[in-house]
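Below: one structure, written as structure tokens.
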Amino acid sequence: MLRRSVWSPVMENATLNQVEFDEQALADPLLYAMASRDADVMNLVRDALAAGRARLAFHPIITADDAPRIAFHEGLVRLMDEAGRVIPAAHFMPLIEETEMGRLVDCVTLDLALRFLRQTPDLRLSVNLSARSIGDGEWRRILDRGLLDRANLGDRLIFEISESSATLLHENVIRFMAEMQPKGVAFALDGFGAGLTAFRHLKDFFFDLVKIDKSFVKGISQDPDNQVLAEALITVAHQFEMFAIADGVESEADAAFLRGIGADCLQGYLYGVPKFEI
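For the sequence shown, our numbering begins at 2 and goes up steadily by one.
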């Protein structure tokens, strides 16, 4: 809570000397250091976006059948600093997800995804989407222009929406899904099972896929509790006629177990890290 109270004015202003720290912040060197670090990260992100230093990294999703093949790729946005080094998304996404800069990142991600779909006719690609971006005018203009393409890009586009984002603005998400269905766009529920509030609305959504949250997948071959939970989540997904993707697969033993309980696709470092080449 203290970190948020310091961070908010830092994000609004360009330099730390403009921030009016409360007495506790001034007395806490660690808190001051964290705020300084966050301000530096935000400046890096802002500069990278302004300079067009954004790229997509591709992470394959593999079918879980006897003849595994790539079902599609997840396109993960990567921002680069001036030296060409990747700015770790974990350092900035939690800070910008609910801000105007978060909307801009979603716009850049969608624009890059549509370009790759246009250039690579056999590519099927998923990208992450915050539910708040659905109502953003610029994001919708990028999407609408892309869906007008004669190559029917919507048939190969998947939007991944987190469970928390979907349930926060569930009515907006449901309307958007209904609008996109005739255009071929598919939807994946990311982090399935991490927040049980989604079950209350699950039947109202139009999700085609779910991604079982990593917390249930890692080490599942040795974890009886997660074995029961993951199997239950897969059963729920199939009941609603959705494909079940196990996210975070890191070992052959885990992959074998997930195949045995009915996972349709697998994703994780077992199949490689995200790369800039497909």
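Just so it is clear, CB atoms sit at the ideal spot from N, CA and C, and this is done for glycine as well.
The straight-line gap separating the alpha-carbon atoms of residue 156 and residue 89 is approximately 31 Å. Of the candidates 76, 180 and 106, 106 places its Cα closest to the Cα of residue 48. Distance check between residue 254 and each of 232, 242 and 218 places 218 closest, using alpha-carbon atoms only.
The Cβ neighbour count for residue 204, taken over all protein chains shown within 10 Å, is under 16; the residue is labelled exposed.
Exclusion of the five residues before and after residue 147 leaves 115 and 154 as the residues of its chain whose Cβ lies within less than 7 Å of its Cβ. Annotation note: the region 175-233 contains the following uninterrupted alpha helix (DSSP H) runs of length 4 or greater, listed N- to C-terminal: 199-202 and 215-218. Relative to the Cα of residue 102, the nearest Cα in the group 124, 139, 85 and 83 belongs to 139. 110 is the residue among 173, 110 and 163 whose C-alpha sits nearest the C-alpha of residue 144.
Residue 270 and residue 256 have their C-alpha atoms some 11 Å from each other. Residue environment for residue 129: buried (at least 16 other C-beta atoms within 10 angstroms of its C-beta). Straight through space, the alpha carbons of residue 265 and residue 216 are spaced by roughly 18 Å.
Under the three-state reduction of DSSP output, residue 43 falls in the helix class. Across the structure, residue 141 and residue 112 are spaced so that their CA atoms are roughly 11 Å apart. Counted as a single uninterrupted DSSP element, the alpha helix (DSSP H) harbouring residue 119 occupies residues 101-120. Across the set 124, 178 and 259, the C-alpha of 259 shows the shortest separation from the C-alpha of residue 225. The DSSP-derived three-state label of residue 161 is strand.
Apart from sequence neighbours up to five positions away, the residues of its chain that approach residue 42 with a beta-carbon distance below 6 Å are 92 and 93, ordered along the chain. In this structure, DSSP gives residue 151 a state outside helix and strand, which the three-state scheme calls coil.
Annotated three-state conformation of residue 89 is coil, per DSSP.
Each of 252, 223, 248 and 262 was checked against the Cα of residue 233, and the nearest Cα belongs to 262. Residue 72: member of the beta strand (DSSP E) spanning 71-81, first to last residue. For a cut-off of 8 Å, the C-beta gap from residue 76 to residue 57 is around 4 Å, short enough to register as a contact. Using a 10 angstroms sphere on the CB of residue 210, the tally of other CB atoms reaches 16 or more, which defines it as buried.
Just so you know, the alpha carbons of residue 161 and residue 121 end up roughly 20 Å apart. With respect to residue 174, residue 238 sits apart: the two C-beta atoms are not nearer than 7 Å.
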